[in-house]
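Q: Protein chains in written order, with full-length UniProt numbering: chain Y, 1 to 1016; chain D, 1 to 424.
Don't be surprised by glycine CBs; every beta carbon is placed ideally from N, CA and C.
All values reported here derive from a predicted model rather than from experimental measurement.
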Amino acid sequence: MASNKKYWKSVEELNENSSIVDKLRNNEFVEEIPTEEFLGDKNTLSSSSTTRRDFLKYVGFSTAAASLAACEGPLKKSIPYVLQPEEIIPGVADYYATTIADGFDFTNILIKSREGRPIKVVNNNEEGAITGANARVHASVLSLYDSLRLKQPKIEGKAASWSDVDSKIKASLEAAKTAGSKVVVLTNTMASPSTNKLMSELQAAYPTVQHVVYDAVSSDAALDAYQQAYGERALADYDFGKADVIVSLGADFLGDWQGGGYDAAYAKGRVPKNGKMSKHIQFETNMSLAGANADKRIPMTVADQKLALVKLYSLITGSSVSVAATAADAEVVKAAQQLKAAGSAGVLVTGIDDVNAQLLVFAINQALGSAAFNPAQPKYVRGGNNKEVTQLVKDMNAGLVHTLIMSGVNPAYTLSNSAAFLEGLKKVKLSATYTLREDETAAATTIAASTTHYLESWGDVQMKKGHYSVTQPTIRPLFNSKQLQEGMLSWLGKTESYYDYLKAVGTGIASGTTWNKLVHNGFYTYEAAGNATATADFGTAASQLAAAKKGTGFELVLYTKTGMGDGQQANNPWLQEFPDPITRASWDNYATVSSADAKELGLENWFVANGGMNGRYISIKLGDKVLENVPVVVQPGQAKGTIGLALGYGRKAGMKEEMQVGVNAYTLYNNFNNTQNVTIEKTAGEHEFACVQLQKTLMGRGDILKDTSLKTFNDKEPKVWNIKPHVSLDHQAVLASTVDIWQSFDRSIGHHFNLSIDLNSCTGCGACVIACHAENNVPVVGKTEVRKSRDMHWLRIDRYYSSEDTFQEDVETKMAASGLMGSIETFKGLENPADNPQVAFQPVMCQHCNHAPCETVCPVAATSHGRQGQNQMAYNRCVGTRYCANNCPYKVRRFNWFLYAQNAEFDYNMNDDLGRMVLNPDVNVRSRGVMEKCSMCIQMTQATILNAKSEGRVVKPNEFETACSAACSSGAMTFGDVNDKESEVAKLAEDDRMYHLLEHIGTQPNVFYHVKVRNS
Amino acid sequence: MKKVGNHNSFSRIFFLCLAFMLTFSTLSFAQDAAKGKELFNSNCAACHKLDGTSTGPALRGVAERHSADWLHKWIKNSSGLIKSGDAAAVKVFNEWKQVPMNSFPNLTDEDIDNIIAYTSEVKAEPKPGAGGAGAAQGAATDNGVSNMVILGALAVVLAMLVIMLLLVKKVLSKVVEKNGLTINEQKSLPIWKAFVKNQFAVIVSVITLILVGSYFAFGFMMQIGVDKGYEPIQPIHFSHKIHVGENGIDCKYCHSAARTSKTSGIPSLNVCMNCHKNINEFTGHPDSTYVDYSREYYTAEIQKIYDAVGWDPIAQEYTGEEKPVKWVRIHNLPDFVYFNHSQHVSIAGLECQTCHGPVEEMEVMRQHSPLTMGWCIDCHRETDVKINDNAYYAKIHEELSKKYGVEKLTAAQMGGTECGKCHY
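#1: Give me the residue from Y:Ser-288, Y:Tyr-800, Y:Ala-336 with the minimum Cα distance to Y:Ala-840.
#2: Does any CB atom of chain Y fall closer than 7 angstroms to the CB of residue 450 of chain D?
#3: Can at least three beta-carbon pairs, one atom from the stretch 488-500 of chain Y and one from the stretch 320-328 of chain Y, be found at a separation below 8 angstroms?
#4: Any C-beta of chain D sitting closer than 7 angstroms to the C-beta of Y:Ile-89?
#5: Y:Asn-887 and Y:Cys-854: beta carbons closer than 7 angstroms?
#6: Please confirm if Y:Ser-67 has its CB atom under 7 angstroms from at least one CB of chain D.
#7: Give the range of the alpha helix (DSSP H) segment to which Y:Trp-606 is assigned.
#8: Which of the residues in the stretch 837-853 of chain Y, read from start to end, lie with their CB under 8 angstroms from any CB of chain D?
#9: Would you say Y:Pro-80 lies against chain D (beta-carbon separation less than 7 angstroms)?
#10: Tell me the rounded alpha-carbon separation between Y:Ala-536 and Y:Ala-510.
#11: On a Cα-Cα basis, can you pick out the residue from Y:Val-923, Y:Asp-977, Y:His-1000 that is closest to Y:Pro-889?
#12: How would you label D:Lys-403, buried or exposed, when you count the other beta carbons within 10 angstroms and need 16 or more for buried?
#13: Short of 6 angstroms in beta carbon distance, which residues of its chain neighbour D:Asp-250, apart from the five on each side in sequence? Order them along the chain.
#14: What residue range does the beta strand (DSSP E) around Y:Gly-269 cover?
#15: If the cut is a Cβ gap below 9 angstroms, which residues of chain Y does D:Trp-327 touch?
#16: Please tell me whether D:Leu-27 has its Cβ less than 7 angstroms away from any Cβ of chain Y.
#17: Pull up the CB-CB distance for Y:Asn-832 and Y:Ser-802, whole angstroms please, since I reckon it's below 8 angstroms.
#18: Under a Cβ-count criterion, where at least 16 other Cβ atoms within 10 Å of its own Cβ denotes burial, should D:Phe-282 be classed as buried or exposed?
#19: So, is Y:Gln-838 buried or exposed, given that buried needs 16 or more other C-beta atoms within 10 angstroms?
#20: Do Y:Gly-250 and Y:Gln-210 have their beta-carbon atoms positioned less than 7 angstroms apart in this structure?
#21: For D:Leu-166, count the other beta carbons within 10 Å of its own beta carbon; 16 or more makes it buried, fewer makes it exposed. Which is it?
#22: Given a limit of 9 angstroms on CB to CB distance, which residues of the stretch 332-344 of chain D reach chain Y?
#23: Y:Tyr-238 and Y:Ala-372 - do their beta-carbons sit closer together than 7 angstroms?
#24: Check Y:Lys-956 in the structure and name its three-state DSSP category.
#25: Answer with yes or no whether the minimum CB distance from D:Glu-321 to chain Y is below 7 angstroms.
#26: Nearest to Y:Asn-521 by CA position, among Y:Gly-128, Y:Pro-34, Y:Arg-926, is which residue?
#27: Tell me whether Y:Tyr-262 is buried or exposed, calling it buried when 16 or more other Cβ atoms sit within 10 Å of its Cβ.
#28: Between Y:Gln-228, Y:Ser-192, Y:Gly-1002, Y:Asp-798, which lies nearest to Y:His-726 when the distance is taken from Cα to Cα?
#29: Span of the alpha helix (DSSP H) holding Y:Pro-718?
#30: Going by beta-carbon coordinates alone, are Y:Thr-679 and Y:Tyr-617 separated by less than 7 angstroms?
#31: With a Cβ-Cβ cutoff of 7 angstroms, do Y:Lys-379 and Y:Lys-268 count as a contact?
#32: For D:Lys-3, would you say it is in contact with chain Y, using Cβ-to-Cβ distances shorter than 7 angstroms as the test?
#33: For a contact defined as C-beta to C-beta under 7 angstroms, what are the partners of D:His-423 on chain Y?
#34: Under the three-state reduction of DSSP, which class applies to Y:Ala-243: helix, strand or coil?
#35: Mind listing the chain Y neighbours of D:Thr-263? Cutoff is C-beta to C-beta under 8 angstroms, in chain order.
#36: List the whole-angstrom C-beta distance separating residue 1024 of chain Y from Y:Ala-222, where the pair is believed to meet the contact cut-off of C-beta under 8 angstroms.
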């Protein structure tokens, strides 16, 4: 059917007399094409030297030339040293002992260095070392290669020379001296004897100099309490390995509480030995790592914790302090009884930011005679003085501070009253900051001095009494940078280097050893008697604490995440992508809200079609401050009426755009108190989380994560609490391990590697995840990709909540389900975690099945089995069908959806020359379209074998290590050769608690777990 | 007077040196320059050269600068002479950066005279036109000519045969013509038409063609990316032939990392300078078989080391201006292959030549082996594990060889062909 419709090109066509329409109708092009001009001119045409044939020839030639040139292989240059340093053999790794002391993390470590580049942090397992590097310490090596580091000193934003910087500061010091006005050196906790000496020399030369120590996340209350009780500004030390009963009131001692580093000793006491293990009771608001590991966890607001502490104090010491009752008084009384019964084997700690609370801890532990409590050898890893910092900001605003020199701090970001600080900074005549990056503070100071990373610096630190450590550089400064101490020496007019200065101080302290030995070991221990008796007015403290006023509204408890800490490494992509052990969310901080409060406020988390988790926003109001757009995670175990929020996020200055995530919780950190009373309000919008684990519960599948009570473990046969799966063979139930549809390979000859994971000692800290990242060149994929479940972690730590009060009850509920509708209802219910669930961590990596389902489905035989038990992945052979990942029952295979190295779309460390320096040269960087997974660190096992061969000896028992097992300071992961009967792992494989993941499917994994036993 | 030992060189040296000896010294006539050369090389050459400075001054004509008596004292105990305050000795000491010269009390007076005699020889002028390169080229042309002659002769013979056949045919056809006979040529199908008609033959040959074609295509494809024979031009012409072949330097002297590391290591320039601090010119005999280029060419290449390492050969000191040498890498394994030299060199005890070929004959280094996976695997399948005295292998070798029922295990039987051993 013909249409009568007419289509108009423009309004002009409606005008019948339009000349333009007429003109256009006859002309295809609006403008004249100058063909005539060219073709019509015979002269030009004939004189043109390029004929049509020539033109084609040129085109043909250039195409051919281009394709020929493309055929030629690239020319690879090899540039040897001109003068090779004696200690470096290209291709062989060196290890150097050093110490990280960045104001937040303090640990003795070893640095693995290849061709002069530090590439990995390794635990320093020398006897006496303060060891136990956490995820942040393991990731710190990448922060060295941060491309956004400040590369040279700047004065007022313009590049300057060091001599200008030093002369400017010196002139200002002189001016302050003559004027008699105040000079403040504001640093993080350095605990450095040489720096302290240098500081006193500076104070002698410039009497108005004041040294103020500032911790972004403060332990001021504990420091004050220790000073009152023992007469020194320090923190009491604890050895949780010596405790049978551990009671914690809001102290996340497996996290960053008072400097952290307690997991190794704690985990030692958690493994049942001779029917005994420690009992851990935790009263807390947020679900912390310590709470997740506790045998008994009682959600409790901080206000109630204070009362509970007073109650515990009165019950244990017998002093009568009247105190209001809490909802969980029965539990408090029970805890007090258990502590009392344990006597010297009991210990109590608290994380309440209150001097009185901290004092009561001393009183209680002293009354118990606690062996785990060690006040005589205190720790110096926190030294921040809040009164002085507060006074400093006041003085600055009053115009009393002439010169302000900062190092390792970023108060413009971390102070809750940063606006006042910045205002005061304008009144300071000269301000300078020694900083790694152009952070918020550097942007506001006159001088931004590029300081050295700890891996480029000399230094010393006294982490505790009788323990002296040295930091040695493992690489020359990458940029034009100097450390504060060098500056101080130059202001003092000294010509000696800081190294010489440090050496003089160090040899003085470490008098029983040589300097070389000290630097070689990284630390030195010596006898130093300290004050062990607390003297303070505990009674008053108790009554003051009992009278503490309860705030109104929600109780906000600020905490630090294992991954981010105080936020100084926020530009580190490994740490951003590190999933939080509890919420399993990466690339974010968020308010954790209890499910009851969430229901009341209409807050929720839900999953969207692409597998991502979404959530609501709230605004948090504290006085006149409002923190907008805080995403919410509904957190099982969160105490009702409280919310948790992690510090260290929301940084903007000197950061890559992808890393500028989260909200800055420091703005709510009023008076350096981690507990604030706030009001919250639901706001509009949806937040997209990058959460790597959406299934929160085990659905009663007790065979995945076996869990039992100490009583059952002690009283019953192993077959009761470690049920071996049975399958049907010829209509008979037989043990699954006896049935085999595969031909078995005899693995009794040579090495046979096994990895043992003890679920009792795994605290979920995640150091292994980052160590694996560093060792195996695991790429960072970014928030949007993680959200699509495309994270590349070779090793994940699954976290499960119980749906009933315990995992045991989950199993019973599942078993009790009957009928179709009943089962559906039951399973639906099992998906939701309890309000105060039991928590369990389970590290899962490739299980290296002897009968691997992935191997049989690979069409190109890219994955195959080695005789030593490793499931091997030949990347060059892989064509990316992903059958293997589909067929893997453990879901441990990772696919490279994109090229993550040298790709601007993934602008993380592998996209710049500097960031790539951290790559391990012994491990291949995988390309797009290739499947990858845990290799059981075959490069490390092969290197161990090669070492033994070249030394002409057998491999020593326990010599084999993987990156994760070496990083595990709690001893949860043990790796080795099960054919070597002397090795630890061979003994663990024979243990009654041993089980395999999904044993009934007959994959015969080379990774095995140990049943989690709870002392409940 | 002693008997002259070296007859060959005597006649040559005799005339050259005659005038010199007559003019300057009657003593030296009595000395044996050849013996002196020997002594010079073993005692003095580490620090002195005849011409040109080294750690110490050039020694040619030293007898002109100092009296024989003084030289005797100096050589036997130089520091003593300096201490005694001898003006000339102190001057020399100060001139040469106050580096004391070793004393040689074991040298007899006669020995010292011999050395002086050797240093007093007049420098021999290089023979014109006897450059190394020329000689080598000459040899090559000689060979070429002889081949050409043989080929030419063969061609002539063949041409004669063809002509003879043509002549015979012509004669025969003339005979036929004369006798009035006709040649009865049978009419048959041309061969290609017969072929086209035979379908079986067509199919068979097409299949054969396809098979042969794919065989060669496969062969062609498989050599893509295989750089066997890769022989790039290097920034410094380093002759392995001279260093390894002629001078017999052990591979692992320079490539020392091969013993302990995964890489063999390109020697750093300080290793070159261990020898080349003293060897600043090429003095190899131009007629020798190991010389492919002229002396000047090699000497210029040595100079390149000095430029790179920042060595001033005249002032005998490092200037600190380093220019790292950008060698062209010859043996390139892909990133996904892990290869460890120390495993093969130190533990398996393989000769470097097993993989790198006759390096000692290579004027320019080239890739000898294909470095393909097949090549690696072949060797692993054939090579026995070297277990000698290595405690690591003791148990595993005994058990495994029992299992496989063999005397000696190959690398493959030890697990040397598993993917993950090289790919991670």
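A: In brief:
#1: Locating residue 840 of chain Y in the first sequence gives position 840, where the first residue counts as 1. Nearest of Y:Ser-288, Y:Tyr-800, Y:Ala-336 to Y:Ala-840, Cα basis: Y:Tyr-800.
#2: There is no way to answer for residue 450 of chain D, as the model of chain D reaches only from 1 to 424.
#3: no
#4: Taking the first sequence and counting its residues from 1, the one referred to as residue 89 of chain Y is at position 89. Yes, its Cβ sits closer than 7 angstroms to a Cβ of chain D.
#5: The residue given as residue 887 of chain Y occupies position 887 in the first sequence. The residue given as residue 854 of chain Y occupies position 854 in the first sequence. Yes, the pair counts as a contact, with Cβ atoms nearer than the cut-off.
#6: What you label residue 67 of chain Y is simply residue 67 of the first sequence in a count that begins at 1. Not an interface residue.
#7: Within the first sequence, numbered from 1, the residue matching residue 606 of chain Y stands at position 606. Element bounds for Y:Trp-606: not the alpha helix (DSSP H) but the beta strand (DSSP E), 605-607.
#8: Within the stretch 837-853 of chain Y, no residue qualifies.
#9: Taking the first residue of the first sequence as position 1, residue 80 of chain Y is located at position 80. Y:Pro-80 counts as touching chain D.
#10: By one-based count along the first sequence, residue 536 of chain Y stands at place 536. By one-based count along the first sequence, residue 510 of chain Y stands at place 510. For Y:Ala-536 and Y:Ala-510, the distance between alpha carbons rounds to 34 angstroms.
#11: For the purposes of this step, residue 889 of chain Y is taken as residue 889 along the first sequence, with counting starting at 1. Y:Pro-889 has its Cα closest to that of Y:His-1000, out of Y:Val-923, Y:Asp-977, Y:His-1000.
#12: As a working mapping, residue 403 of chain D is identified with position 403 in the second sequence. Flag for D:Lys-403 reads exposed.
#13: Here residue 250 of chain D refers to the residue found at position 250 of the second sequence. Here the set comprises nothing.
#14: Along the first sequence, one-based indexing puts residue 269 of chain Y at 269. Counting along the chain, Y:Gly-269 falls outside any beta strand (DSSP E), though it belongs to the alpha helix (DSSP H) covering 263-270.
#15: For the purposes of this step, residue 327 of chain D is identified with residue 327 of the second sequence, where counting begins at 1. Residues of chain Y passing the Cβ test: Lys-77, Ser-78, Ile-79, Pro-80.
#16: Counting from one through the second sequence, the residue named residue 27 of chain D turns up at place 27. Legend: pLDDT at D:Leu-27 = 44, less than 50; position of this residue unreliable, value from coordinates given subsequently. For D:Leu-27, the answer is no, since every Cβ of chain Y falls outside 7 angstroms of its Cβ.
#17: In the first sequence, residue 832 of chain Y corresponds to position 832, counting from 1. In the first sequence, residue 802 of chain Y corresponds to position 802, counting from 1. 11 angstroms between Cβ atoms; not a contact.
#18: Numbered from its first residue, the second sequence carries residue 282 of chain D at position 282. By the 10 Å Cβ count, D:Phe-282 comes out buried.
#19: Translated into positions along the first sequence, residue 838 of chain Y becomes position 838. Its Cβ being crowded by 16 or more others within 10 Å, Y:Gln-838 is buried.
#20: Here residue 210 of chain Y is taken as the residue at index 210 of the first sequence, counted from 1. Here residue 250 of chain Y is taken as the residue at index 250 of the first sequence, counted from 1. For Y:Gln-210 and Y:Gly-250, no; Cβs fall outside 7 angstroms.
#21: Numbered from its first residue, the second sequence carries residue 166 of chain D at position 166. Exposed: under 16 other Cβ atoms inside 10 Å.
#22: Asn-332, Pro-334, Asp-335, Phe-336, Val-337, Tyr-338, Asn-340, His-341, Ser-342, Gln-343
#23: By 1-based counting over the first sequence, the position of residue 372 of chain Y is 372. By 1-based counting over the first sequence, the position of residue 238 of chain Y is 238. Yes, these two residues count as a Cβ contact at 7 angstroms.
#24: Within the first sequence, residue 956 of chain Y is the residue found at index 956, counting from 1. Coil, per DSSP.
#25: For the purposes of this step, residue 321 of chain D is taken as the residue at position 321 of the second sequence. Output row for D:Glu-321: interface = no.
#26: Mapped onto the first sequence, residue 521 of chain Y falls at position 521. The residue with the shortest Cα to Cα distance from Y:Asn-521 is Y:Gly-128.
#27: Here residue 262 of chain Y is taken as the residue at index 262 of the first sequence, counted from 1. Its Cβ being crowded by 16 or more others within 10 Å, Y:Tyr-262 is buried.
#28: In the first sequence, the residue the question calls residue 726 of chain Y occupies position 726. When Y:Gln-228, Y:Ser-192, Y:Gly-1002, Y:Asp-798 are compared, the shortest CA-CA separation from Y:His-726 is found for Y:Gly-1002.
#29: For the purposes of this step, residue 718 of chain Y is taken as the residue at position 718 of the first sequence. From DSSP, the alpha helix (DSSP H) with Y:Pro-718 extends over 718-721.
#30: Position 679 of the first sequence holds residue 679 of chain Y. Position 617 of the first sequence holds residue 617 of chain Y. No, the Cβ-Cβ distance between Y:Thr-679 and Y:Tyr-617 is not below 7 angstroms.
#31: Stepping through the first sequence from its first residue, residue 379 of chain Y is reached at position 379. Stepping through the first sequence from its first residue, residue 268 of chain Y is reached at position 268. No. Outside cutoff.
#32: As a position in the second sequence, residue 3 of chain D is number 3, starting the count at 1. Bear in mind that a pLDDT of 43 at D:Lys-3, under 50, signals an unreliable position, so the number given afterwards is only what the model happens to contain. Not an interface residue.
#33: By 1-based counting over the second sequence, the position of residue 423 of chain D is 423. Residues of chain Y passing the Cβ test: Ala-874, Tyr-875, Asn-876.
#34: Counting from one through the first sequence, the residue named residue 243 of chain Y turns up at place 243. Y:Ala-243 falls in the coil class under three-state DSSP.
#35: Against the second sequence, residue 263 of chain D aligns to sequence position 263. Neighbours of D:Thr-263 on chain Y, chain order: Pro-90, Gly-91.
#36: Since the displayed chain Y opens at 1 and closes at 1016, residue 1024 of chain Y lies outside it and no answer follows.
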